[in-house]
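**Student:** Dropping the structure in here first, questions after.
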Amino acid sequence: MQWESWSAFWHMGGRAWYVWGSYAVCFALIALEVAQLMRARRTLWQKLRRLAMLENTDTLPPPPDASGAA
Amino acid sequence: MFAALLRRDLLLAWRSRADVLVSLTFFIIVACLFPFGVGSDKELLIRIGPGVLWVAALLSVLLSLNRLFAQDYADGTLEQWLLSDTPAPLWVAAKILAHWISTGLPLVLISPLLAVLYELPAEWLPTLAVSLLLGTPILALLGAVGAALTLGVRAGGVLIALLVLPLFVPVLIFGAGAVQAVADGTGATPWLLLLGAGDLAALSLAPLACAAALRLAVESG
Amino acid sequence: MMLEARNLACMKGERLLFRNLNLHIQAGGLLRVLGPNGAGKTSLLRILCSLAVPEAGQVLWNGQDIHARAGREIFAPAVLYLGHAPMINGLLTPLENLQLLCAADAQPADADICAAALRAMGLEAALALPCRVLSAGQRRRVALARLHASRAACGQNALARPLWVLDEPFTALDVASVEQLAQTITAHCAAGGMAIFVSHQEAPFGLPAQTLTLGGTA
Amino acid sequence: MNEHRSPAPQDTPQLTGWRRFASPALCYRLAGHFIRPCTKLAIVLTLAGLYLGFFVAPTDAVQGEVYRIIFIHVPTAWMSMFIYLIMAFWAVVGLVMKTRVSFMLMRALAPTGAIFCFLALWTGALWGRPTWGSYWVWDARLTSQLLLMFLYLGFIALTHSIEDLRRADFAGAILALVGALNVPVIYFSVKWWSTLHQGASVSLSKAPSMATTMLVAMLLVALAAWAYTIAVSMVRLRHIILMRERRSTWVRALLDAQEQKETA
Chain S
244 MQWESWSAFW HMGGRAWYVW GSYAVCFALI ALEVAQLMRA RRTLWQKLRR
294 LAMLENTDTL PPPPDASGAA
Chain C
62 MFAALLRRDL LLAWRSRADV LVSLTFFIIV ACLFPFGVGS DKELLIRIGP
112 GVLWVAALLS VLLSLNRLFA QDYADGTLEQ WLLSDTPAPL WVAAKILAHW
162 ISTGLPLVLI SPLLAVLYEL PAEWLPTLAV SLLLGTPILA LLGAVGAALT
212 LGVRAGGVLI ALLVLPLFVP VLIFGAGAVQ AVADGTGATP WLLLLGAGDL
262 AALSLAPLAC AAALRLAVES G
Chain X
16 MMLEARNLAC MKGERLLFRN LNLHIQAGGL LRVLGPNGAG KTSLLRILCS
66 LAVPEAGQVL WNGQDIHARA GREIFAPAVL YLGHAPMING LLTPLENLQL
116 LCAADAQPAD ADICAAALRA MGLEAALALP CRVLSAGQRR RVALARLHAS
166 RAACGQNALA RPLWVLDEPF TALDVASVEQ LAQTITAHCA AGGMAIFVSH
216 QEAPFGLPAQ TLTLGGTA
Chain W
2 MNEHRSPAPQ DTPQLTGWRR FASPALCYRL AGHFIRPCTK LAIVLTLAGL
52 YLGFFVAPTD AVQGEVYRII FIHVPTAWMS MFIYLIMAFW AVVGLVMKTR
102 VSFMLMRALA PTGAIFCFLA LWTGALWGRP TWGSYWVWDA RLTSQLLLMF
152 LYLGFIALTH SIEDLRRADF AGAILALVGA LNVPVIYFSV KWWSTLHQGA
202 SVSLSKAPSM ATTMLVAMLL VALAAWAYTI AVSMVRLRHI ILMRERRSTW
252 VRALLDAQEQ KETA
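Residue numbers (this note's numbering), protein chains in the order written: chain S, 244 to 313; chain C, 62 to 282; chain X, 16 to 233; chain W, 2 to 265.
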C-alpha cells in the first residue's frame, strides 16, 4: 500500500488541488455526458411517439399515383 | 470556361473596386492599430512587426471570403456552372484565383509600405512580401473550402472563421517564421519552401473539396 | 436520347411532396408539369436536371443514372436549366452575362452570336448597359436569350444541349415574346431535342405537350 | 392494399453482403450489442488502472505525487486524436460508399472526442501549474491539442447549423477530412514554432521516466477510455438512427413494442 494513511492519500503530497481537481472535472464531465445521453433516451421515445401521432392525424394529400406520361 | 470565368471575375472585381479597397484598408487599419495598443517603442515594434502584419493579412483574407460565392449562389449562376462540361474543380480554381488576385495580391504589394510603419529593417521587406505572396494563396484556397461549406448557412460569417482559422495557423507560423528567420540570420528559404509546398498541396486538394461543398449547397436548395 | 425517371420520391423538410413518380420522355417530346403551388413542381425539375437529389428513385439519361459520376459527366453538358433565379449579375452588361452563361456549353457561343440572340429578344438598346438598370422582364429575356444562343452556336442539326428544363419560362414576358419563345421551343423539339417545363400560362406550341400532374386533387 | 396512411418512404432496399450493415435497422441492433459489455469493460478497466496508478505506482523522484495526473492526461490526449482520425475514416467511407450510417457514426463520435480534447487540455493545465509554474505552457503538444479543440468545435458547429441533414452529413465529412489532413501539418508547424521561439526547454513530451506499473496503469485507463468511447458513441448512434428513421416501419414496430412493454 503506497500511502501511510488515508489523509496522506487525500493530501497527495501537497498537490491535492491539482490531482483531485483534474480527476474531479474528468469524472464530472463523463458523468454529465452519460446523464445527458440517458435523458435524451427518455425524451426520444416521447418525441417519436408524438411525431408518429402527429403524422397519422396529419391530413396529407393521398400519395399521387402519377403514372406519368406514356 | 476557365478563362471566361477568370476574365469575368476580374472584370467584376474591377467594377466593384470599392469592395477590394475595403479589404485592403482593413489590412492597413489593423496593422496601424497595434502600435496604439502596445506602444511605439522601436525595439518592440520590430519584434512584433512581421507577426502583426501576417495576422492582419490573414484576417483581411478571412473577411473577404464570404464575398467569394455568395453573390453567384444568390443569383443562380453557380447552378449553371455546375451544369457545364468543365469539371467543377477547374472553374472553382478559376474563381479562387480571381479572388486571390483581387484580395491577396494587393496585400503583398502594400506590405512593404506598412513594414515602414513598424520600422522593419529594409532587408526584411523582400522576405515579408515573398512569404505573403506564397502564403495568401493557401489562405484563399482553404478559405474557399470554408466559404463553400457555410454557403447559405445562417451563422455563416462567424462559422467560417471557426472552421478555417485552425487551418490557417500553420501558414501563419511558416509566414511569420520566414521573416523571423531572416531576423535571426538563419535564412528564410526552408520556411518559404514549406509555404510553396503548402501552395501545391492546397492547390491540388482545396478545389476538389470546394466543388463538392458547392454541389452540396446547390443540391440542398 | 431519353430521359427516364423511376419511382421518384421527394421530401421538402418534413413534407413528402410526391412518391412513386415515373416518367420518360424521348427526342422530340414536350412535357408539361401541372399541379397546385407547393406540389413540388420546381423540386421535380431540379431533380430531373441533377441539381437536387431525390429522396428515393433514380433519374436515367440514356440509361445512365445522372447522379453517378459517369452519368453526371455526360448529362451535365446535355441539360439546359432555366430556374426562377435571374442568373444575371447586375454589374455586368447583358452581353457579358450571356457570354458567361454560354461559356458553360460544349461549344460556347461567341460574341456576335450572343449579340444576335440578344437583339432577337428585343434588347438592342440595352446591350451596353449594366444589367442592374434593366427591368425584371428585360433581365429575364437576357436569360432566355441563352436558348437562342445555344441553339445558334451549334448550327441547326447538332444540339449542344438536347434537354431543356424550363421553370416558368413565360413569366414577365409580353404576348409577342411568349409567342416567340413557344416557337423556339417547338423548333428545338422538332430538331430532335426535348423540353420539360412548368407554366401557368397557356402558350401556342406547334406540337402536343404530354402532361404530368403532381399532388393535390387535380 | 390499404397502405399505412403516414407517408413512409419504402425502406432501403435489401442490401447484400457486407453492405447490409449499411442498413440502419441492422446497424441499430448491432450497435445495441456493444453498449452493455463495453460499459462494464470501461468501468472495470478504469478501476483497475486507477488502483494501479494510485496505490501501486511509486512516488516519482522528480515530480512527487502530481505526476499521477498522467493517468488521465495521456489517455484523454490519445483518445481526442484517435477519435478525430476515426471520424475522418468514417467520413471517407461515407463519401466513397455514400452510406449515411457511416456519417451518423462520425457525428456520434464528435461530442465524445470534444470532451476528451477538453479534458486533455484541462488536465494538462493543472499538471503544468505545479510542475512548470503556469497553467498554460505554449508547448507543441498542448498547443496542437488546443487547435484540435477548435477543429472539433468547428465540426460540431457546422453539422448543427445546417438544417438539411444530407448536406450537414456530407459537409461535416468534408470538414473532418480536410481537418484530418491538416492535423499532422498543424502538429509539426507548432513543434517547429515552439523550438523557434523559446527553445525546447519546456516540453511535455519528455514525460517522467515510466516505471512499469505507471505504464500499465496508463494503458489500462486508455483501454477504459476506448471502451467508454465505443459504448457512448453507440448509444448516440442509436439515437441518431431512431430520430432519422422515425418514419420507417421498423421504428414504428419498435415504438409499439416499447409501448406494450410500458403498459404491461
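C-beta atoms are modelled at their ideal positions from N, C-alpha and C, and glycine is treated no differently.
In this text, all values refer to a predicted model and were calculated from it rather than measured experimentally.
Find the residues of chain C that neighbour ALA158(W), judging by a C-beta separation of less than 7 Å, and give them in chain order.
**Tutor:** Here the neighbours are LEU220, LEU223.
**Student:** Classify SER310(S) as buried or exposed, calling it buried when 16 or more other Cβ atoms lie within 10 Å of its own Cβ.
**Tutor:** With a pLDDT of 40 at SER310(S), under the threshold of 50, the predicted position of this residue should be treated as unreliable, though the coordinate-derived value follows. It is exposed - the Cβ of SER310(S) has fewer than 16 other Cβ atoms within 10 Å.
**Student:** Let me know the secondary structure DSSP gives CYS93(C) once reduced to three states.
**Tutor:** Of the three classes helix, strand and coil, the one that applies to CYS93(C) here is helix, per DSSP.
**Student:** Name the chain X residues whose beta carbon is nearer than 7 Å to that of GLU280(C)?
**Tutor:** The answer, in chain order, is LEU66, ALA67, VAL68.
**Student:** Return yes when the Cβ of ILE70(W) is within less than 7 Å of the Cβ of THR132(W), no when it is not.
**Tutor:** Going by C-beta atoms, THR132(W) is not nearer than 7 Å to ILE70(W).
**Student:** Does the region 57–77 of chain X touch the region 109–125 of chain X, meaning 3 or more C-beta pairs lie closer than 8 Å?
**Tutor:** No contact exists between the region 109–125 of chain X and the region 57–77 of chain X.
**Student:** Check whether the region 108–115 of chain C and the region 92–99 of chain C touch, using three or more Cβ-Cβ pairs below 8 Å as the test.
**Tutor:** Yes: at least three Cβ pairs fall under 8 Å.
**Student:** Assign ASP61(W) to one of three DSSP states: helix, strand, or coil.
**Tutor:** Strand, per DSSP.
**Student:** Quick check on ARG34(X): buried or exposed, where buried means 16 or more other Cβ atoms within 10 Å of its Cβ?
**Tutor:** So ARG34(X) ends up on the buried side.
**Student:** Looking at the unbroken beta strand (DSSP E) that takes in GLU111(X), where does it start and where does it end?
**Tutor:** First-last for GLU111(X): 109–118, but that is the alpha helix (DSSP H), not the beta strand (DSSP E).
**Student:** Hey, is PRO223(X)'s beta-carbon within less than 7 Å of any beta-carbon in chain C?
**Tutor:** Judged by the 7 Å Cβ criterion, PRO223(X) is not in contact with chain C.
**Student:** With distances taken from CA atoms, which of CYS64(X), PRO145(X), ALA175(X), ALA130(X) is nearest ALA160(X)?
**Tutor:** The candidate whose alpha carbon is nearest that of ALA160(X) is ALA130(X).
**Student:** Pull out every residue of the region 250–262 of chain W whose Cβ sits closer than 9 Å to any Cβ of chain S, in chain order.
**Tutor:** Answer in chain order: VAL252, ARG253, LEU255, LEU256, GLN259, GLU260.
**Student:** Using a Cβ-Cβ cutoff of 7 Å, what residues of the region 248–262 of chain S are near chain W? List them in chain order.
**Tutor:** The region 248–262 of chain S vs chain W, Cβ under 7 Å: MET255, GLY256, ARG258, TYR261, VAL262.
**Student:** DSSP puts VAL222(W) in a beta bridge; with which residues?
**Tutor:** Paired residue(s): none; VAL222(W) is not in a bridge.
**Student:** Using the C-alpha atoms, what's the distance from LEU287(S) back to GLU88(X)?
**Tutor:** Distance between the alpha carbons of GLU88(X) and LEU287(S): 43 Å.
**Student:** On the three-pair Cβ rule with 8 Å, is the region 193–211 of chain X touching the region 76–90 of chain X?
**Tutor:** In short, these stretches do not touch, since the Cβ pair count stays below three.
**Student:** Beta-carbon within less than 7 Å of ALA244(C)'s beta-carbon, same chain only, minus the 5 sequence neighbours each way: which residues are those?
**Tutor:** If we look at ALA244(C) and ignore the five residues flanking it on each side, its Cβ neighbours are TRP185.
**Student:** With DSSP run on the structure shown, which of helix, strand or coil describes GLY196(C)?
**Tutor:** Three-state result, GLY196(C): helix.
**Student:** According to DSSP, simplified to helix, strand and coil, what is PHE156(W)?
**Tutor:** Three-state DSSP puts PHE156(W) in a helix.
**Student:** Indicate whether LEU32(X) and GLY50(X) have their beta-carbon atoms separated by less than 7 Å.
**Tutor:** Cβ atoms of LEU32(X) and GLY50(X): not closer than 7 Å.
**Student:** Would you call the region 99–112 of chain W and the region 53–73 of chain W in contact, with 3 or more CB pairs under 8 Å?
**Tutor:** Segments in contact, no.
**Student:** Step through the CB atoms of chain W and report whether any lies within less than 7 Å of the CB of ALA278(S).
**Tutor:** No, its Cβ sits nowhere closer than 7 Å to a Cβ of chain W.
**Student:** Considering only heavy atoms of the ligand NAP, does any lie closer than 6 Å to the CB of LEU216(W)?
**Tutor:** Of the ligands one can find in the structure shown there are none, so the ligand NAP has no counterpart to examine.
**Student:** Strictly below 9 Å CB to CB, what residues from chain W border ARG292(S)?
**Tutor:** LEU256, GLN259, GLU260, listed in chain order.
**Student:** For ASP140(W), which of LEU96(W), VAL93(W), TRP193(W) has the nearest alpha-carbon?
**Tutor:** If we check each option's Cα against that of ASP140(W), TRP193(W) comes out closest.
**Student:** How should MET281(S) be labelled, buried or exposed, when 16 other C-beta atoms within 10 angstroms of its C-beta is the threshold for buried?
**Tutor:** That one is exposed.
**Student:** Tell me the rounded alpha-carbon separation between ALA58(W) and ILE116(W).
**Tutor:** Roughly 27 Å between the two C-alpha positions.
**Student:** Nearest to GLY257(C) by CA position, among ALA242(C), LEU269(C), ALA272(C), VAL232(C), is which residue?
**Tutor:** When only C-alpha atoms are compared, the closest one is VAL232(C).
**Student:** Just list the residues that DSSP pairs ILE109(C) with in beta bridges.
**Tutor:** Beta-bridge pairing links ILE109(C) to no other residue.
**Student:** What does a CB cutoff of less than 6 Å around ASP308(S) pick up in its chain, not counting 5 residues either side in sequence?
**Tutor:** Confidence is the limiting factor: at ASP308(S) the pLDDT is only 47, short of 50, which leaves the residue's position unreliable and the question unanswerable from this model.
**Student:** Quick test of your reading: ALA177(W) and PHE156(W), contact by CB under 8 Å. State the CB separation rounded to the nearest angstrom.
**Tutor:** Confirmed, Cβ separation roughly 6 Å.
**Student:** So with CB distances below 9 Å, who are the chain W contacts of ARG284(S)?
**Tutor:** Going along chain W in sequence order, the residues near ARG284(S) (Cβ under 9 Å) are VAL236, ARG239, HIS240.
**Student:** Chain S beta carbons: is any one of them nearer than 7 Å to that of GLU66(W)?
**Tutor:** Chain S, which has a Cβ nearer than 7 Å to the Cβ of GLU66(W), makes this yes.
**Student:** Out of ILE211(X), GLY44(X), GLY221(X), LEU227(X), state which residue places its alpha-carbon closest to the alpha-carbon of TYR96(X).
**Tutor:** Among ILE211(X), GLY44(X), GLY221(X), LEU227(X), the Cα nearest to that of TYR96(X) is on ILE211(X).
**Student:** I'd like the list of long-range same chain contacts for GLU4(W), defined as Cβ closer than 7 Å, with 5 residues on each side in sequence excluded.
**Tutor:** The predicted model places GLU4(W) with a pLDDT of 32, which falls under 50 and marks its position as unreliable; any figure quoted below should be read in that light. If we look at GLU4(W) and ignore the five residues flanking it on each side, it has no Cβ neighbours.
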